[in-house]
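If you're matching positions, the sequence shown starts at 1 in UniProt numbering and goes up one per residue.
Built from N, CA and C at the ideal position, the CB exists for glycine as well.
A quick note: this is a predicted structure, and the numbers were derived from the prediction, not measured.
Worksheet: one structure, shown below.
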Amino acid sequence: MKNKVIPNPILPAAGVRRNIAADGGAGPPPGGQHDDWTPNPQGRVQSDHSTPSNALLRCWRPFVMGTFNACTVREEARLVELAHCAEERGVEILGIQEHRRVHTDDRIVYRRVERSTFITASAWRNEAQAATGGVGLMLGSLARKALRRVYHHTDRILIAEFSGNPVTTVIVVYSPTNVAPPEEVEKFYEDLATAVRDVPAHNFLAILGDFNARLGPEDARFPYHDSTNRNGAYLTALLMEHELLPANTMFRKRTGKRWTFQDRASGMLRQLDYILGVTEPQGPKPSPRIRYDWKAFSTDSGLQARYTEEVRSRFQLLDEGLEPSSEYRRFVVANKEATRLCVPVLDKTRTSLQSRHPDIVVARGRVEEARLGYVSEPTVERRGILNEAKQLLFSTYDKIKGEELMERVQRVQAAQGERQYGEAWRVINEMTGRKRTKEGQVEGHSPEERVVTWFNHFRRLLGTTAEGDEEEIPSFLQNLNIDDGPFTTSEFARAKTMLREGKSAGPDGIPQRS
Numbered sequence: 001m002k003n004k005v006i007p008n009p010i011l012p013a014a015g016v017r018r019n020i021a022a023d024g025g026a027g028p029p030p031g032g033q034h035d036d037w038t039p040n041p042q043g044r045v046q047s048d049h050s051t052p053s054n055a056l057l058r059c060w061r062p063f064v065m066g067t068f069n070a071c072t073v074r075e076e077a078r079l080v081e082l083a084h085c086a087e088e089r090g091v092e093i094l095g096i097q098e099h100r101r102v103h104t105d106d107r108i109v110y111r112r113v114e115r116s117t118f119i120t121a122s123a124w125r126n127e128a129q130a131a132t133g134g135v136g137l138m139l140g141s142l143a144r145k146a147l148r149r150v151y152h153h154t155d156r157i158l159i160a161e162f163s164g165n166p167v168t169t170v171i172v173v174y175s176p177t178n179v180a181p182p183e184e185v186e187k188f189y190e191d192l193a194t195a196v197r198d199v200p201a202h203n204f205l206a207i208l209g210d211f212n213a214r215l216g217p218e219d220a221r222f223p224y225h226d227s228t229n230r231n232g233a234y235l236t237a238l239l240m241e242h243e244l245l246p247a248n249t250m251f252r253k254r255t256g257k258r259w260t261f262q263d264r265a266s267g268m269l270r271q272l273d274y275i276l277g278v279t280e281p282q283g284p285k286p287s288p289r290i291r292y293d294w295k296a297f298s299t300d301s302g303l304q305a306r307y308t309e310e311v312r313s314r315f316q317l318l319d320e321g322l323e324p325s326s327e328y329r330r331f332v333v334a335n336k337e338a339t340r341l342c343v344p345v346l347d348k349t350r351t352s353l354q355s356r357h358p359d360i361v362v363a364r365g366r367v368e369e370a371r372l373g374y375v376s377e378p379t380v381e382r383r384g385i386l387n388e389a390k391q392l393l394f395s396t397y398d399k400i401k402g403e404e405l406m407e408r409v410q411r412v413q414a415a416q417g418e419r420q421y422g423e424a425w426r427v428i429n430e431m432t433g434r435k436r437t438k439e440g441q442v443e444g445h446s447p448e449e450r451v452v453t454w455f456n457h458f459r460r461l462l463g464t465t466a467e468g469d470e471e472e473i474p475s476f477l478q479n480l481n482i483d484d485g486p487f488t489t490s491e492f493a494r495a496k497t498m499l500r501e502g503k504s505a506g507p508d509g510i511p512q513r514s
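Here it is in structure tokens:
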């Protein structure tokens with residue numbers, strides 16, 4: 001297959017020209033549902049005080065995003081494997097098409113998959129009542145913390161917004177196929193153009209999608225195909241109107257590395273998936289935040305003595321006669337340096353993940369070996385070996401899940417036999433997810449908007465006037481000997497002796513015993 005390198009006449013420069021209104025936005029539709037159990041806004045959300053550190057896009061912190069047509073992730077094993085692959089390759093934002101999960105009651109569903117978060121807009125059913133389509137996002141921990149809001153634009157378009165400098169807007173799309181009726185394709189691109197125009201002008205925009213479109217050398221710099229098909233013409237018009245760039249056609253790679261989809265029936269290779277937008281800025285990465293083991297420090301008298309000596313020696317070297325505020329800042333610096341030298345670093349907690357199980361790793365290696373064999377020699381026999389390896393991988397997931405359930409059942413039985421009923425109920429709740437923290441996203445661009453969302457939510461719940469006269473509730477305990485005056489020195493000393501040892505330092509970096 002030949003590919004001519006022709007300068008693209010329709011893509012003059014990198015950049016995104018959209019609606020100049022800085023506050024423009026499509027906004028989420030009212031009454032959105034954001035998790036499996038309960039309507040929004042409910043569940044634990046990130047603290048508004050930590051917004052700057054949760055920013056997704058910064059010039060000194062690059063991140064990776066991608067797009068993937070999953071064909072289906074209805075089975076639990078496929079979903080867990082997808083989350084593992086995304087995390088292993090460092091993909092923070094993965095746009096997913098054709099997940100084929102139907103949830104008609106909730107427009108948007110949040111789900112925790114190992115260390116990732118899976119957000120989906122419902123798929124739909126065709127005339128044969130088979131699940132079809134569906135778009136979603138697989139987010140890493142950094143992207144989940146930076147997430148502002150997710151809203152449903154259409155069944156084929158999902159929009160997410162992330163905090164950062166600048167704010168990042170990600171649109172996940174799934175286009176009709178090239179043989180779909182023209183009216184359906186035109187409707188899709190009209191909806192997508194509306195979504196793009198509603199993005200504020202200074203946002204960083206990325207469109208992750210399966211466009212079912214082929215671009216030829218007359219419309220892209222380094223395409224896989226020799227010509228542009230009907231859907232490709234619609235995509236080209238979108239690129240021209242909004243000055244977007246198909247990122248995966250901007251790099252000079254050999255032809256064998258440009259395809260994005262392999263037909264399961266015919267084995268044909270095609271380039272149908274694109275990431276539209278501009279590349280993120282590059283810069284130096286910040287130093288990671290270090291967590292110290294203050295509990296080990298509080299039990300080691302030798303470390304405490306060394307720490308005290310380090311602070312004393314460093315603080316005494318400072319100039320005398322300074323202002324109290326300046327002297328305190330220097331004291332904080334001395335404590336930070338002593339902490340770095342004396343306090344042990346806290347080890348990272350490791351959670352047990354199904355995707356890291358030794359049996360899963362072995363089965364995954366067999367899949368990769370079979371895939372390489374099929375790529376080198378695409379025969380029917382090798383394709384059968386590849387399919388068998390995939391089925392073995394998914395059945396291994398089911399086997400491990402069953403073993404984990406049996407192990408938990410045995411823990412419940414053992415705890416009941418020893419009359420440790422609290423432990424038994426804890427394991428039961430862990431198995432059933434009865435007390436699992438519900439996950440959601442409170443709508444709003446800022447802390448003030450989220451406060452308004454919460455206020456309106458509780459006003460609807462509690463704002464109705466009670467009927468009838470209010471009854472006076474008599475006091476049960478009276479004349480209690482409780483002093484509500486200022487604290488005394490003896491009370492302060494008694495409270496200080498009750499402080500729990502091993503607490504970490506405060507915001508100034510100074511331990512409680514310093």
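- A straight-line Cα-Cα distance of about 24 Å links L158 and L215.
- With distances taken between CA atoms, L346 lies nearest to K295 out of V333, K295, E470 and R312.
- Remark: C-beta atoms of T120 and H152 do not approach each other more closely than 7 Å.
- Contact between L137 and V172 holds: their C-beta atoms lie close to 6 Å from each other, under 8 Å.
- Cβ-Cβ distances below 6 Å link E423 to A415 in the same chain, with the five nearest sequence neighbours on each side left out; the list follows chain order.
- When DSSP reads this structure, F118 sits in a beta bridge with R111 and M138.
- Note that the region 176–189 does not touch the region 103–119; fewer than 3 beta-carbon pairs, one per stretch, sit closer than 8 Å.
- Assignment of F68 by DSSP, reduced to helix, strand and coil, places it in the strand class.
- Between A131 and the set T72, N178 and V167, the nearest pair of CA atoms involves T72.
- Inter-residue distance for N203 and S266 is about 41 Å (C-alpha atoms, whole angstroms).
- In the structure shown, E403 falls within a helical segment according to DSSP collapsed to helix, strand and coil.
- Judged by DSSP in its simplified three-state form, E87 adopts helix.
- The three-state reading of DSSP puts H153 in strand, counting E and B together.
- Here M498 is exposed. Its C-beta has fewer than 16 other C-beta atoms within 10 Å.
- Counting along the chain, L276 sits inside the beta strand (DSSP E) bounded by residues D273 to G277.
- Excluding residues up to 5 positions away in sequence, V427 lie with their Cβ nearer than 7 Å to the Cβ of R411 in the same chain.
- 7 Å or more divides the Cβ of A220 from the Cβ of T255.
- Under DSSP, the beta-bridge partners assigned to D210 are Y174 and D273.
- Beta-bridge analysis with DSSP links R382 to no other residue.
- Here the C-alpha atom of V109 lies approximately 15 Å from the C-alpha atom of R148.
- Residue environment for N481: exposed (fewer than 16 other C-beta atoms within 10 angstroms of its C-beta).
- Under the 8 Å Cβ criterion, the region 236–252 does not count as touching the region 300–311, having fewer than three qualifying pairs.
- Contact annotation: A334 and F315 have beta-carbon atoms nearer than 7 Å.
- Taking each of T464, E92 and A180 in turn and checking the Cα distance to A55, the smallest one comes out for E92.
- Judged by DSSP secondary structure, I360 falls within the alpha helix (DSSP H) whose first and last residues are P358 to S376.
- For the pair R252 and Q271, the CB atoms are not nearer than the 7 Å cut-off.
- Counting every other CB atom within 10 Å of its CB across the protein chains shown gives S313 a total below 16, marking it as exposed.
- Between T228 and L238, the alpha-carbon positions lie close to 14 Å from each other.
- If you check the CB distance, S122 and V150 do not come in under 7 Å.
- T465 has its alpha-carbon roughly 40 Å from the corresponding atom of W425.
- Here D359 has T396 and I400 as same chain residues with Cβ atoms under 7 Å from its own Cβ, once five neighbours each way along the sequence are excluded.
- In the three-state reduction of the DSSP assignment, Y397 falls in the helix class, which pools H, G and I.
- Rounded to the nearest whole angstrom, the C-alpha separation of P223 and P217 is 6 Å.
- A distance below 7 Å separates the beta carbons of R382 and G373.
- Scanning its chain for C-beta atoms nearer than 7 Å, with the 5 sequence neighbours on each side dropped, one finds around L341 the residues E310, in chain order.
- With a threshold of 16 other beta carbon atoms within 10 Å, M65 meets it and is buried.
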